[in-house]
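K.L.:
Counting from 4, one number per residue, gives the positions in the first sequence under the working numbering. Glycine included, every Cβ here is placed at the ideal spot set by N, Cα and C. Predicted model only: the values in this text are computed from it and were never measured. Below is a structure I'd like to ask you about.
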Amino acid sequence: MKFNYIEDVSKFEGQKITIRGWLYNQSSKGKIHFLWVRDGTGIIQGVMVKGEVDDLVFGLYDQLTQESSIEVTGTVRKDQRAPGGYELTLSDMKIIQIAQDYPITPKPHGSTFLFDHRHLYLRSKRPHAILKVRNEIIWAIRSYFYQNHFVLIDSPILTGAVGETASTLFETQYLDEGKAYLAQTGQLYLEAAIASFGKVYCFGPTFRAEKSKTRRHLTEFWMIEAEEAFYNNEDNMDLQEDFLIYIVNWVLEKCQNEFKELERDISALEKIKKPFPRISYDEAVERLQKAGSEIQWGSDLGGTDETILTKMFEKPVFVYNYPKACKAFYMKPHPDRKELVLCADLLAPEGYGEIIGGSERNDDYDSLVLRIKEENLPLDAYKWYLELRKYGSVPHSGFGLGVERTVTWICGLSHIREAIPFPRTIYRLYP
RNA sequence: UCCCGAGUAACUCAGUCGGUAGAGUAGGUGGCUGUUAACCACCCUGUCGCUGGUUCGAGUCCAGCCUCGGGAGCCA
4 MKFNYIEDVS KFEGQKITIR GWLYNQSSKG KIHFLWVRDG TGIIQGVMVK GEVDDLVFGL
64 YDQLTQESSI EVTGTVRKDQ RAPGGYELTL SDMKIIQIAQ DYPITPKPHG STFLFDHRHL
124 YLRSKRPHAI LKVRNEIIWA IRSYFYQNHF VLIDSPILTG AVGETASTLF ETQYLDEGKA
184 YLAQTGQLYL EAAIASFGKV YCFGPTFRAE KSKTRRHLTE FWMIEAEEAF YNNEDNMDLQ
244 EDFLIYIVNW VLEKCQNEFK ELERDISALE KIKKPFPRIS YDEAVERLQK AGSEIQWGSD
304 LGGTDETILT KMFEKPVFVY NYPKACKAFY MKPHPDRKEL VLCADLLAPE GYGEIIGGSE
364 RNDDYDSLVL RIKEENLPLD AYKWYLELRK YGSVPHSGFG LGVERTVTWI CGLSHIREAI
424 PFPRTIYRLY P
């Protein structure tokens with residue numbers, strides 16, 4: 004049987020249509036009932052007047068409860084009084100299922116309660132809007148890479164080798180082969196793939212068994228990583244800048260309604276244009292110390308440092324060339340200052356902080372072996388990775404963008420857990 | 001792991017000086033022809049996180065524990 008979607012109602016003014024969905028809210032004045040129906044594409048108010056519908060249908064209203072599934076038929080009418088501009092004058096209604104004691108009312112709830120009921124909370128307006136923006140961000144990402152001739156290389160999630168030992172790994176038994184680890188990054192595999200495809204990217208879940216309790220961390224999150232042969236650190240930053248602007252323009256075009264629902268001030272996003280400021284780590288430390296931070300040269304930027312720094316600019320800011328000591332082993336040493344590596348983090352504005360980490364990779368066999376030994380990493384585990392430096396090694400760079408952090412920033416959220424359908428945090432594995 | 005904070009009805013919270021447990025919302029019943037978090041009247045709702053202690057008497061004071069939230073560290 005044919006039915007229609009709420010997003011299309013304006014095309015059917017004056018016509019009778021059928022909508023299938025869920026009862027979002029209801030109210031009655033006795034002889035006139037109001038039903039708010041949502042179907043995933045929108046919300047519309049249905050109006051049922053006693054005497055204008057069959058008494059049996061009119062009486063069904065009394066059985067309705069919030070989130071009951073129903074099918075309503077009515078005539079589309081333009082009406083100033085209706086939010087959205089259109090409403091349905093109902094002529095028929097069928098009940099599909101009566102919901103009982105739906106826990107999430109259209110009233111304030113605490114975040115713990117809402118995320119305990121995430122399987123239901125997904126239906127509410129706010130998560131609906133956020134996840135629609137997430138959907139568009141991901142489409143923008145894939146579109147950008149496709150248009151720019153990057154090839155998608157899916158990297159393994161179960162790995163034997165350790166990527167970045169700095170973080171903690173989730174461990175699991177891998178049949179009879181011993182321990183396996185859930186991937187923290189696909190980068191090393193992308194570095195293998197550039198010698199076949201030139202420019203590649205991967206997009207998948209990554210896992211960090213860090214007991215972080217902050218609004219910026221998840222234990223399972225989605226990361227986009229790109230790797231480009233023959234790009235140096237500068238080229239890499241140019242690419243990231245272009246990439247991020249593409250994403251922002253895309254969502255500004257597609258997500259106006261969602262931003263309105265989220266009360267996101269989009270003027271902040273409209274300022275995201277080339278060029279992004281680029282400051283060296285040296286300069287960042289200087290600026291931070293002047294601003295009152297306790298940071299010492301040599302240590303990584305803390306969360307508050309990032310916040311201070313990003314509030315100095317209205318656009319995302321690159322901080323490049325960090326001390327070797329606070330970055331991963333695979334980054335290329337600075338040719339003139341061996342205490343630095345060629346890298347850049349991109350910090351999102353409005354206090355959001357790091358959303359991208361990127362670097363030029365060490366393409367020299369001997370110096371890479373040296374770094375692995377310095378970090379006390381098992382050389383064996385990196386045997387295949389090192390071989391890439393033996394067979395046609397080229398300068399190359401890459402970066403990783405945290406999807407949830409990007410969604411958090413673009414939507415103007417205060418906590419990352421809202422940016423993913425079913426968040427995994429230190430104490431949450433359910434639902 | 002460390003530092004701070006919270007835990008009272010299904011939800012959000014109040015609970016003074018230690019003296020028999022409260023409100024709003026949700027739910028139920030009735031009323032209402034334009035509601036938008038409707039409104040009006042009435043009804044229902046309790047392991048006060050747990051254990052022990054002090055006390056004639058503990059939601060309230062003390063000790064320990066548990067759970068959760070935020071931050072630090074670490075990172076995207």
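Where do the N-terminal and C-terminal ends of the beta strand (DSSP E) with Q66 fall, by residue?
P.N.:
Here the question's residue 66 lines up with position 63 in the first sequence. Run containing Q66: none; DSSP gives neither H nor E here.
K.L.:
Report all residues from its chain with a CB closer than 6 Å to the CB of M240; omit the five preceding and five following residues, and keep chain order.
P.N.:
Within the first sequence, numbered from 1, the residue matching residue 240 stands at position 237. Close CB contacts of M240 within its chain, under the 6 Å cut and outside five residues either way in sequence, are with F321, A347 (chain order).
K.L.:
Using three-state DSSP, classify R121 as helix, strand or coil.
P.N.:
Residue 121 sits at position 118 when you count from the first residue of the first sequence. DSSP places R121 in helix when its eight states are reduced to three.
K.L.:
With L404 and I359 assumed to form a contact (beta carbons below 8 Å), what rounded beta-carbon distance in angstroms separates them?
P.N.:
Within the first sequence, the letter at position 401 stands for residue 404. Within the first sequence, the letter at position 356 stands for residue 359. Right, the Cβ-Cβ distance comes to about 5 Å (below 8 Å), so this counts as a contact.
K.L.:
How is F15 classed by DSSP in three states: helix, strand or coil?
P.N.:
Within the first sequence, residue 15 is the residue found at index 12, counting from 1. The answer is helix: DSSP assigns F15 an H, G or I state.
K.L.:
Give the range of the beta strand (DSSP E) segment to which W253 is assigned.
P.N.:
For the purposes of this step, residue 253 is taken as residue 250 along the first sequence, with counting starting at 1. First-last for W253: 236-257, but that is the alpha helix (DSSP H), not the beta strand (DSSP E).
K.L.:
Are the beta-carbon atoms belonging to E70 and W25 less than 8 Å from one another?
P.N.:
Position 67 of the first sequence holds residue 70. Position 22 of the first sequence holds residue 25. Taking 8 Å as the Cβ cut-off, E70 and W25 qualify as a contacting pair.
K.L.:
Could you pull the start and end residues of the beta strand (DSSP E) that C346 belongs to?
P.N.:
Counting from 1 along the first sequence, the entry for residue 346 is found at position 343. Here the beta strand (DSSP E) through C346 covers 346-351.
K.L.:
Taking W39 as part of the beta strand (DSSP E), name the residues at either end of that continuous run.
P.N.:
Position 36 of the first sequence, counted from the start, is the residue given in the question as residue 39. Looking at the DSSP string, the run of the beta strand (DSSP E) that includes W39 is 35-41.
K.L.:
Would you call the CB atoms of P363 and N236 closer than 8 Å?
P.N.:
For the purposes of this step, residue 363 is identified with residue 360 of the first sequence, where counting begins at 1. For the purposes of this step, residue 236 is identified with residue 233 of the first sequence, where counting begins at 1. The question names Pro, yet the displayed sequence has Glu at residue 363. Going by C-beta atoms, E363 is nearer than 8 Å to N236.
K.L.:
Under the rule that 16 or more other beta-carbon atoms within 10 Å means buried, what is E377, buried or exposed?
P.N.:
Along the first sequence, one-based indexing puts residue 377 at 374. Exposed is the call here.
K.L.:
Given M182, which residues of its chain have a CB within under 6 Å of its CB, disregarding the five upstream and five downstream residues?
P.N.:
Residue 182 sits at position 179 when you count from the first residue of the first sequence. Met is not the amino acid found at residue 182; the sequence shown has Lys there. The answer, listed in chain order, is E174.
K.L.:
Taking contact to mean at least 3 C-beta pairs separated by less than 8 Å, is the stretch 199-206 in contact with the stretch 142-158?
P.N.:
Touching, yes, given that three or more Cβ pairs across the two stretches are closer than 8 Å.
K.L.:
Below 8 Å between beta carbons: does that hold for Y446 and T307?
P.N.:
Residue 446 lies beyond the residue range present for the chain, which begins at 4 and ends at 434; the question has no answer from this structure.
K.L.:
So, helix, strand or coil for I9, using DSSP?
P.N.:
Indexing the first sequence from 1 puts residue 9 at position 6. Three-state result, I9: helix.
K.L.:
Is it true that the CB of L193 sits closer than 8 Å to the CB of G401?
P.N.:
Numbered from its first residue, the first sequence carries residue 401 at position 398. Numbered from its first residue, the first sequence carries residue 193 at position 190. Yes, they are a contact pair.
K.L.:
Would you call the CB atoms of R392 and D367 closer than 8 Å?
P.N.:
On the first sequence, residue 392 is found 389 positions in, with the first residue counted as 1. On the first sequence, residue 367 is found 364 positions in, with the first residue counted as 1. R392 is a Cβ neighbour of D367, given a cutoff of 8 Å.
K.L.:
Mapping DSSP to helix, strand and coil, what is P336?
P.N.:
The residue you call residue 336 lines up with position 333 of the first sequence. Strand at P336.
K.L.:
Are F148 and H399 touching if we call contact CB-CB under 8 Å?
P.N.:
Working through the first sequence from its first residue, we reach residue 148 at position 145. Working through the first sequence from its first residue, we reach residue 399 at position 396. Pairing F148 with H399 gives a Cβ-Cβ distance that is not under 8 Å.
K.L.:
Can you tell me which residues form a DSSP beta bridge with Y89?
P.N.:
Sequence index remark: in the first sequence, residue 89 carries index 86 (1-based). As a beta-bridge residue in DSSP terms, Y89 pairs with K81.
K.L.:
Please classify P319 as buried or exposed, where buried requires at least 16 neighbouring CB atoms within 10 angstroms.
P.N.:
The residue you call residue 319 lines up with position 316 of the first sequence. By the 10 Å Cβ count, P319 comes out buried.
K.L.:
Hey, how far is the Cα of A229 from the Cα of R420?
P.N.:
By one-based count along the first sequence, residue 229 stands at place 226. By one-based count along the first sequence, residue 420 stands at place 417. Approximately 24 Å between the Cα atoms of the pair.
K.L.:
In terms of residue numbering, what span does the alpha helix (DSSP H) encompassing E230 cover?
P.N.:
The residue given as residue 230 occupies position 227 in the first sequence. Premise fails: E230 lies in the beta strand (DSSP E), 223-232, not in any alpha helix (DSSP H).
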